[in-house]
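One structure below.
2 protein chains.
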Amino acid sequence: MAGPKVRLHVDQPLGAGQAVAVPEGAANYLFAVMRLGPGAGVFLFNGRDGEWLAEVAEAGKRRGVLVCREQTRVQEAPPDLWLLFSPVKKERTAFIVEKAVELGVARILPVSTRRTNAERLREDKARAHATEAAEQCGATYVPEVADLQPLDRLLASWPEGRRLYWADEARAGADAAWPGARGEPAAILIGPEGGFTPEERARLDGLPFVTPVALGPRILRAETAALAALTLWQARFGDWR
Amino acid sequence: MAGPKVRLHVDQPLGAGQAVAVPEGAANYLFAVMRLGPGAGVFLFNGRDGEWLAEVAEAGKRRGVLVCREQTRVQEAPPDLWLLFSPVKKERTAFIVEKAVELGVARILPVSTRRTNAERLREDKARAHATEAAEQCGATYVPEVADLQPLDRLLASWPEGRRLYWADEARAGADAAWPGARGEPAAILIGPEGGFTPEERARLDGLPFVTPVALGPRILRAETAALAALTLWQARFGDWR
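These protein sequence lines map, in sequence, to chains E and H. With full-length UniProt numbering, letter number 120 in the first sequence gets 120, and the count goes up by one each step, no holes. With full-length UniProt numbering, letter number 113 in the second sequence gets 113, and the count goes up by one each step, no holes.
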């Protein structure tokens, strides 16, 4: 059994000798597209039991069975970082979700603001993108993608002790200080393409848990700001060392 | 003349009272799409004379004339950072170019390696993406996009004193140290999707100007690695403060 190329997220328990039914929809990918037959290896993870090397026991057109052989990675926890972003155009939203998973977050929270253009977010697609990204990047968990919710409501019930870094485009060119500490729960807020309204800005400025941060002298698009902020937080306080 | 929304890169000289012929292809955008008429304002930059507020003097179907009124930004130089990357799929290559301009680079150098899949790079499209990104992000310059060239050849004639950071995916999880200094000429190298061959890796490891760097514990796609590396360099040594 040579090193498997396929890495699959499943919901079922994983453990030595554990049989795992191939999730609906994955049989075609595993057995037709990737042409895996009995004895072939697949990596599995479920967000609880680490990563397991499993072997194809049965391969059918619409179903199949995998059997866990050995644990190849212990369960890891994502860094305790949330990403709050206002949905943008479809491809760029997909991009934000994919990159957030690769760079490392615990939760992705789409928020609507006064100037959020994307009225509707396809949460199912965003979740599928998050799962694919986790399968691809080697994470042993899939970050949660929450339903779209008003930013106001989220701020009103903000958890104590979690710092919210606000990537404020109006501070372009300001000093790039990032106060904070390793192990501190944190979140990053990226505004809508048109920016926050003066009322929203005033509210954010007045909240004790909000820390504005600057991301260089140029005007970054929403998805660029999200990636840059996640990168800087990871390198300073996250699991990048 | 209210604050113009249009920002245009031109090749012609800019200065007080200077008349500027609207570049071919831009007349339709300015006068039909954006519906600008005589007296309307446009920001212009050419990479040499800073940014100028110009006024529409003549608006035609295929041509037009703008007249420079006042300088609104002095000419800035990009940080002395190059990005070397191996072209990936079309949309992801476009993304790398766009984001590199936003995050800030002086030159973008597409390089071919043994495992580079994209045989042909549309340099004209990459240059158009770079120009659009510069117009959008407020830069007063458009980073150069070089023609695709073999990485080997570029390394053989590498300029003295320029450090090359190699974002090495095989070092995932290693310490995230970035030696270097502010003001030092630098470059970032992102490998192809399939990684470098053992021979290429050995060559890179043996070059005195190459500094390997790690980008966290997960496996980043090429475009994610490019953005993360540019962000970290900018925050440490670039113009992000």
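Glycine included, C-beta positions come from ideal geometry on N, C-alpha and C.
For K99(H), the residues of chain E that pass the 7 Å Cβ criterion are T224, in the order they occur in the chain. Taking all protein chains shown into account, F85(E) has 16 or more neighbouring C-beta atoms within 10 Å of its C-beta and is therefore buried.
When secondary structure is reduced to three states using DSSP, Y141(H) falls in the coil class, being assigned neither helix nor strand. The residues V6, L8, V22, L36, V42, V56, A59, G64, in chain order, have a CB closer than 8 Å to that of L30(H) in the same chain once the five nearest residues on each side in sequence are set aside. Per DSSP, R221(H) is not a residue of any beta strand (DSSP E), being assigned neither H nor E.
Put simply, the CB of W240(E) is near chain H, with a gap under 8 Å to one of its CB atoms. Restricting attention to W52(E), G238(E), G39(E), the CA atom closest to the CA of P13(E) is found in W52(E).
Counting C-beta pairs closer than 8 Å gives three or more between the region 213-227 of chain H and the region 223-240 of chain E, which meets the contact rule.
The criterion of a C-beta distance shorter than 8 Å is satisfied by Y141(E) and P78(E).
Taking a Cβ-Cβ threshold of 8 Å, the residues of chain E close to L103(H) are G216, R218, L220, T224, A228, in chain order. Within the model, the alpha-carbon separation for T231(H) versus T224(E) is close to 10 Å.
If the five residues before and after A186(H) are omitted, its C-beta is found closer than 8 Å to the C-beta atoms of D80, L81, W82, R162, R163, L164, Y165, G180, W233, F237, all from its own chain and listed in chain order.
Look at F237(H) here: in three-state DSSP terms it is helix. Ranked by how close their Cα comes to the Cα of R48(E), the residues P143(E), V88(E), L151(E) have P143(E) in first place. Nearest neighbour of R114(E) by Cα position, chosen from D239(E), R203(E), W240(E), turns out to be R203(E). Under the DSSP assignment, R107(H) falls in the beta strand (DSSP E) whose first and last residues are 107-112. Between the C-alpha atoms of P150(H) and S112(H) there is a straight-line separation of about 5 Å.
Linking N46(H) to P4(E) through their CA atoms gives a straight-line distance of about 52 Å. Taking the Cα positions, V101(E) is about 6 Å away from A133(E). Within chain E, the residues G216 have their CB atoms less than 7 Å from the CB of Q234(H), given in chain order. Under a criterion of Cβ atoms nearer than 7 Å, the residues of chain H adjacent to G138(E) are, in order, R218, I219. Rounded to whole angstroms, the separation of the alpha carbons of L109(H) and G206(H) is 21 Å. For R162(E), the three-state secondary structure derived from DSSP is coil. Looking at the backbone, the Cα of V88(E) and that of L189(H) are separated by about 30 Å.
Closest by C-alpha distance to L103(H), out of D239(E), E76(E), A222(E), W240(E), is A222(E). DSSP places A100(H) in the uninterrupted alpha helix (DSSP H) bounded by 90-103. The criterion of a C-beta distance shorter than 8 Å is not satisfied by A130(E) and A229(E).
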